[in-house]
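Residue numbers (full-length UniProt numbering): 1 to 459.
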């Protein structure tokens with residue numbers, strides 16, 4: 001009789017055999033990591049698929065290991081181990097010490113948050129990205145993976161939005177007792193905000209694919225996936241998702257000169273998608289209208305943010321320790337004059353969460369690494385083939401920043417993809433004049449496909 005344990009054992013056995021073979025057959029670490037990123041949408045719900053532990057991290061870790069082997073084979077060349085990587089190493093060490101001091105290092109929720117959310121694996125992906133995705137073929141594989149994921153998430157979101165729950169896969173998505181936000185487009189995350197963030201990333205990737213792929217059939221597929229993702233974003237019925245998608249799209253189109261001519265068409269297309277979805281999907285307009293009037297979630301965020309600020313005032317330097325917000329915050333909730341007191345187990349603001357738990361010391365390390373990586377990646381130019389990735393990065397970062405002010409971002413996918421994207425561009429960039437940052441006058445709106453690029457080497 002097949003049991004989850006036997007299935008897991010067989011899966012790991014097959015993966016072990018494939019892993020040994022991969023060293024000799026040179027399986028590309030980029031493809032392995034891409035599989036892990038895509039499977040990350042099921043993270044936290046593997047038990048609902050019959051598996052006692054998740055396999056997405058296995059692929060991510062194995063891809064990093066293969067990249068290390070490749071790096072050694074190439075004579076330890078191709079990575080930038082200065083600046084941001086050193087800050088990330090300090091932050092990782094500091095967070096581990098903080099988690100040990102607070103007693104949450106091996107606690108399940110806090111341990112996985114340290115691994116995925118802060119997170120140790122995203123930092124490794126950032127550092128190793130020039131090896132994992134250093135060749136155009138590897139980046140094309142990532143783009144294909146994101147478009148395929150967008151197709152799945154988009155179709156799933158449409159099924160949820162129109163109420164066709166019998167068509168959902170996996171079946172746990174249709175179970176109202178699993179996860180939260182049932183009745184909205186919550187996808188395999190069974191959480192609408194995380195699903196909306198992933199849909200926005202896949203929408204960005206699909207637009208990049210449409211602009212870069214030459215085959216008409218593939219371009220049509222990319223365009224169809226972009227449309228499905230846009231409809232899915234509306235179907236999340238989640239205000240921070242709508243805001244993040246709008247800000248990331250409009251600011252990116254306005255920031256890059258070659259994209260500005262698409263600003264008005266994008267506004268019209270977005271309005272058409274929203275109006276069409278609200279008009280054609282039964283009940284969606286009512287749900288969206290009701291959602292805009294809900295105040296409970298707003299009170300939750302206001303109250304928890306106030307509590308976090310009081311915690312920061314109490315212990316500003318080192319914070320209360322990693323993973324301690326739920327247990328340390330109750331005494332710091334206070335009654336506001338205009339809304340009732342409510343509480344949450346997880347702070348819905350990434351920056352305040354880091355300040356409250358890791359203190360100013362941890363926050364300075366985190367924000368320095370994040371802004372340093374973003375500045376270098378956006379302000380410097382690499383090979384021509386990477387220009388679309390640089391434009392896409394701004395949209396991905398804005399999506400992440402907006403969501404991080406309203407959601408805890410506990411799911412691996414959203415954190416992994418941001419640091420992977422940053423890492424791809426960080427090590428390949430060369431200096432641009434200040435006046436050309438974000439706006440490059442000589443870049444055509446539809447550059448021709450470049451000749452095959454050599455693997456990226458840090459400059």
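Think of the CB as a built atom: it goes at the ideal place given N, C-alpha and C, for glycine as much as any other residue.
Owing to the predicted nature of the structure, the values given are computational and were not obtained by experimental measurement.
Where does residue i fall in DSSP's three states?
| i | result |
| --- | --- |
| residue 380 | strand |
| residue 406 | coil |
| residue 372 | helix |
| residue 329 | coil |
| residue 81 | coil |
| residue 210 | helix |
| residue 364 | helix |
| residue 191 | coil |
| residue 421 | helix |
| residue 34 | helix |
| residue 133 | coil |
| residue 46 | helix |
| residue 290 | helix |
| residue 181 | coil |
| residue 299 | helix |
| residue 215 | coil |
| residue 396 | helix |
| residue 71 | helix |
| residue 26 | coil |
| residue 171 | helix |
| residue 160 | helix |
| residue 139 | helix |
| residue 117 | helix |
From the options, pick the residue whose C-alpha is nearest to that of residue i; which is it?
| i | options | result |
| --- | --- | --- |
| residue 170 | 287, 49, 89 | 49 |
| residue 309 | 353, 344, 327, 281 | 353 |
| residue 243 | 404, 323, 356 | 404 |
| residue 237 | 369, 286, 149, 137 | 286 |
| residue 35 | 81, 143, 83, 183 | 143 |
| residue 322 | 72, 40, 97 | 97 |
| residue 226 | 146, 406, 214, 397 | 146 |
| residue 469 | 266, 100, 130, 347 | Given that the chain is displayed from residue 1 to residue 459, the structure contains no residue 469 and the question cannot be resolved. |
| residue 28 | 134, 350, 82, 40 | 134 |
| residue 317 | 327, 209, 365 | 365 |
| residue 334 | 342, 327, 328 | 342 |
| residue 204 | 332, 55, 149, 168 | 149 |
| residue 81 | 129, 47, 110, 108 | 129 |
| residue 241 | 186, 279, 283, 220 | 186 |
| residue 467 | 412, 371, 402, 218 | As displayed, the chain neither begins before 1 nor continues past 459, which places residue 467 out of reach and without an answer. |
| residue 151 | 222, 87, 275, 246 | 222 |
| residue 198 | 42, 63, 33, 379 | 42 |
| residue 33 | 63, 53, 52 | 63 |
| residue 325 | 359, 251, 164, 140 | 359 |
| residue 280 | 384, 300, 231, 256 | 231 |
| residue 92 | 386, 53, 362 | 362 |
| residue 44 | 110, 411, 428 | 411 |
| residue 375 | 384, 385, 383, 391 | 391 |
| residue 406 | 386, 239, 373 | 239 |
| residue 351 | 305, 250, 216, 104 | 305 |
| residue 157 | 307, 215, 202 | 202 |
| residue 160 | 380, 259, 282 | 282 |
| residue 277 | 67, 233, 329, 109 | 233 |
Mark residue i as exposed unless 16 or more other C-beta atoms lie within 10 angstroms of its C-beta, in which case mark it buried.
| i | result |
| --- | --- |
| residue 289 | exposed |
| residue 389 | buried |
| residue 312 | buried |
| residue 76 | exposed |
| residue 294 | exposed |
| residue 431 | Legend: pLDDT at residue 431 = 39, less than 50; position of this residue unreliable, no value from coordinates given. |
| residue 114 | buried |
| residue 357 | buried |
| residue 57 | buried |
| residue 271 | exposed |
| residue 79 | buried |
| residue 167 | exposed |
| residue 70 | buried |
Since residue i contacts residue j with CB under 8 Å, what's their CB separation in whole angstroms?
| i | j | result |
| --- | --- | --- |
| residue 85 | residue 415 | The Cβ separation is near 17 Å, so there is no contact. |
| residue 302 | residue 339 | 6 Å |
| residue 173 | residue 190 | 6 Å |
| residue 192 | residue 184 | 5 Å |
| residue 349 | residue 248 | Actually they are not in contact, since the Cβ atoms of residue 349 and residue 248 sit about 18 Å apart, beyond 8 Å. |
| residue 117 | residue 409 | 6 Å |
| residue 37 | residue 417 | 6 Å |
| residue 254 | residue 267 | 11 Å between Cβ atoms; not a contact. |
| residue 132 | residue 30 | 5 Å |
| residue 229 | residue 153 | 7 Å |
| residue 53 | residue 39 | Contact flag wrong, Cβ pair sits at about 13 Å. |
| residue 200 | residue 245 | 5 Å |
Quick one: does the C-beta of residue i sit closer than 7 Å to a heavy atom of the ligand MN?
| i | result |
| --- | --- |
| residue 408 | With respect to the ligand MN, the structure offers nothing, as it holds no ligand at all. |
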